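J.:
Numbering (the numbering used here), first residue to last: 1310 to 1832.
#1: Is residue 1660 helix, strand or coil when you go by DSSP?
#2: Can you look up residue 1457 in the DSSP assignment and give me helix, strand or coil?
#3: Whole angstroms is fine: what's the gap from residue 1802's alpha carbon to residue 1460's?
#4: Name the two residues that bound the continuous alpha helix (DSSP H) containing residue 1771.
#5: Tell me which residues share the same chain as residue 1541 and place their Cβ nearer than 8 Å to its Cβ, disregarding the 5 neighbours each side in the sequence.
#6: Taking just the CA atoms, how far does residue 1438 sit from residue 1378?
#7: Does the region 1519 to 1528 come within contact of the region 1729 to 1747, defined as at least 3 CB pairs closer than 8 Å?
#8: Does the pairing of the region 1487 to 1502 with the region 1441 to 1457 give three or more beta-carbon distances under 8 Å?
#9: By DSSP, does residue 1469 sit in helix, in strand, or in coil?
#10: On the DSSP letters alone, give me the boundaries of the alpha helix (DSSP H) that residue 1379 sits inside.
#11: Straight-line CA distance for residue 1360 to residue 1756?
#12: Hey, residue 1344 and residue 1643: beta-carbon distance below 9 Å or not?
#13: Give the single residue among 1673, 1615, 1749 and 1694 whose Cα lies nearest to the Cα of residue 1653.
#14: Measuring straight from C-alpha to C-alpha, what distance separates residue 1668 and residue 1445?
#15: Assuming contact is defined by CB atoms lying nearer than 9 Å, are residue 1793 and residue 1532 in contact in what I supplied?
#16: According to the neighbour-count rule (16 or more other Cβ atoms, all chains shown, within 10 Å of its Cβ), is residue 1697 buried or exposed?
#17: What is the residue span of the beta strand (DSSP E) that residue 1733 lies within?
#18: Does the region 1464 to 1484 touch the region 1775 to 1795, meaning 3 or more C-beta pairs lie closer than 8 Å?
#19: Do residue 1734 and the ligand GTP come close, with the Cβ less than 8 Å from some heavy atom?
#20: Please classify residue 1663 as buried or exposed, where buried requires at least 16 neighbouring CB atoms within 10 angstroms.
#21: Would you identify the three-state DSSP class for residue 1482, choosing helix, strand or coil?
#22: Considering only their Cβ atoms, is the gap separating residue 1466 from residue 1709 smaller than 9 Å?
#23: Using the rule of at least 16 other Cβ atoms within 10 Å of the residue's Cβ for burial, across every protein chain shown, is residue 1814 buried or exposed?
#24: Would you be able to state if there are at least three C-beta pairs under 8 Å between the region 1761 to 1774 and the region 1420 to 1431?
#25: Please go through the same chain and pick out, in chain order, the residues whose beta-carbon is closer than 6 Å to the beta-carbon of residue 1426, but skip the five residues on each side of it.
#26: Using DSSP with H/G/I as helix, E/B as strand and the rest coil, what is residue 1834?
#27: Who are residue 1798's beta bridge partners in DSSP?
#28: Please tell me whether residue 1415 and residue 1373 are closer than 9 Å, where the distance is taken between their beta carbons.
#29: If you reduce the DSSP assignment to three classes, tell me which class residue 1814 lands in.
#30: Suppose you measure from the CA of residue 1685 to the CA of residue 1590; what does that come to, to the nearest Å?
#31: Using 9 Å as the limit for Cβ to Cβ distance, is residue 1711 near chain C?
#32: Determine, using beta carbons only, whether residue 1572 and residue 1689 come nearer to each other than 9 Å.
#33: Give me the DSSP bridge partner(s) of residue 1438.
#34: Per DSSP, what are the beta-bridge partners of residue 1793 in this structure?
#35: According to DSSP, which residues form a beta bridge with residue 1745?
#36: For residue 1409, which option in 1808, 1602, 1786 and 1798 has the closest C-alpha, if you only look at C-alpha atoms?
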């Protein structure tokens, strides 16, 4: 599979292995790609899906039984309930809507919101907590669990650190400016640090201008409504992040969904939009904009950018690229999927990214043509209403970005990017060799390991914590009902020994149980 994607042998191999081996995102047009592009989405055997549905079915039956017992006072009612004085009102708390939360999620709630008490570096310290009422409430024991290997934080380049020398400039800016701005960007909230950061971001990305925002989520949700509105069409990948989904909904534009990374599905929507126009009136759409992510945070897949750019040029659409997880994490020098595919940044109309992952900070940016950025400075809801980015946070981003660009006089930034790539490929290869089903691109530091059954979610996370390994587990409704998973996030700060400890932990093997009960072994 290391052959060039345009070779006949490679394409024939993809066709013959696609459905069986899960390499379903083979390159459909080798001339657009300058490197091999392989992603794994292996399908589990049918009986895995059957047993997974059976597990949810059993949980649902017992959930209704417990609701019955609560209604008759046979079991203590912990959930919020309507007051007797409001019995004739429309219920504020819908019982059926909260059924999953109170009967399934609460059984495994101890695996989320775990409070840590150190920097979220390659290792962290965790405050131990226990529950006496099956996860309805928690109490802290006072014990600190030390040196837990961190496989859950988005600390891709290891810039979440507490080294005094590294944070020297951040300390100086904190003493100079304080912690808060107490104003919006359009009022008294634009500092020289913001201007410096925006110029640096534009230079880093190779575009004309950029604007930074204090919150990554709001960068999407508050700026998309400024760019599109009624009479516009949004074509959104079905696995886009909630911030993109919320921004699209707030805009008032018509939204149509295309299958994940499926160019045939996208092109059909584009063609229909051009041919038929708006519903009823059949007038041409004011704008057509495609929303995609660089790396999809639950799948570990990378956007098929060359093909999408080709389609958007063909049908005269705009492209909005969310690089929250990809900026800093992929590309020869960490400049995201545009660099990863060797493309021109001008091919993307709106470049968006966040500083919350690779840069160890907070906030986000929109970058592109100067006209675009100037428009957002006036019309962005975030610029008008939201508080500006903390100056110390801005300095942390500047520090990390200068390190990546080599402006600090070292090659440390480049070394971090290369180390992340090595760690990612090594960890993915180890899991593949052990027989686990993992999703995504071989170069993606987001590594989803499929667990499938609902009972595995809690058991896996608890077992790994016993081995001093912190992981993030995800289930329905954040994923499809049959695809519960553990999501590992690889960091440049991880050592080979840490990754070996994780991949060889008996908790990993015993919980997924792929040797003793081969439901999860690759076929």
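For glycine and all other residues, C-beta sits at the position ideal for the given N, C-alpha and C. Only a predicted model underlies this, so the values are computations on that prediction, with no experimental measurement involved.
T.: From the atom records:
#1: Of the three classes helix, strand and coil, the one that applies to residue 1660 here is strand, per DSSP.
#2: Residue state, collapsed to three classes: strand.
#3: Near 11 Å, if we compare the C-alpha coordinates of residue 1460 and residue 1802.
#4: Element bounds for residue 1771: 1763 to 1775.
#5: If we look at residue 1541 and ignore the five residues flanking it on each side, its Cβ neighbours are 1560, 1562, 1563, 1594, 1595, 1596, 1597 and 1598.
#6: Approximately 28 Å, taken between the alpha carbons.
#7: Touching, no.
#8: Of all C-beta pairs linking the region 1487 to 1502 to the region 1441 to 1457, fewer than three are shorter than 8 Å, placing the two stretches out of contact.
#9: Here DSSP, grouped into helix, strand and coil, assigns residue 1469 to coil.
#10: Under the DSSP assignment, residue 1379 falls in the alpha helix (DSSP H) whose first and last residues are 1355 to 1380.
#11: Each residue's Cα considered, the two are about 24 Å apart.
#12: The answer is no: Cβ separation not under 9 Å.
#13: Among 1673, 1615, 1749 and 1694, the Cα nearest to that of residue 1653 is on 1615.
#14: Spanning the two alpha carbons is a distance of roughly 35 Å.
#15: It is not a contact, given that the beta carbons lie outside the stated cut-off.
#16: Its Cβ being crowded by 16 or more others within 10 Å, residue 1697 is buried.
#17: Where residue 1733 is concerned, there is no enclosing beta strand (DSSP E), although the alpha helix (DSSP H) it sits in stretches over 1721 to 1742.
#18: Short answer: they don't touch.
#19: In the structure shown, the ligand GTP is absent, as is every other ligand, since no ligand is present at all.
#20: A residue is called buried when at least 16 other Cβ atoms come within 10 angstroms of its Cβ; residue 1663 meets this threshold and is buried.
#21: The three-state secondary structure of residue 1482, taken from DSSP, is helix.
#22: Yes; because the gap between Cβ atoms is below 9 Å, this pair is in contact.
#23: With 16 or more other Cβ atoms within 10 Å, it is buried.
#24: Touching, per the Cβ criterion.
#25: So the list reads 1434 and 1436, once near-sequence residues are dropped.
#26: Residue 1834 lies beyond the residue range present for the chain, which begins at 1310 and ends at 1832; the question has no answer from this structure.
#27: For residue 1798, which the question treats as bridged, DSSP gives the partners 1755.
#28: No, the pair does not count as a contact, with Cβ atoms beyond the cut-off.
#29: In the structure shown, residue 1814 adopts coil according to DSSP, grouped into three states.
#30: Those two C-alpha atoms are separated by around 30 Å.
#31: Reference to chain C is not applicable here, since this structure consists of a single protein chain.
#32: No; because the gap between Cβ atoms is not below 9 Å, this pair is not in contact.
#33: Paired residue(s): 1449.
#34: Beta-bridge partners of residue 1793 (DSSP): 1761.
#35: According to DSSP, residue 1745 bridges with nothing at all.
#36: Of the candidates 1808, 1602, 1786 and 1798, the one whose C-alpha sits nearest the C-alpha of residue 1409 is 1786.
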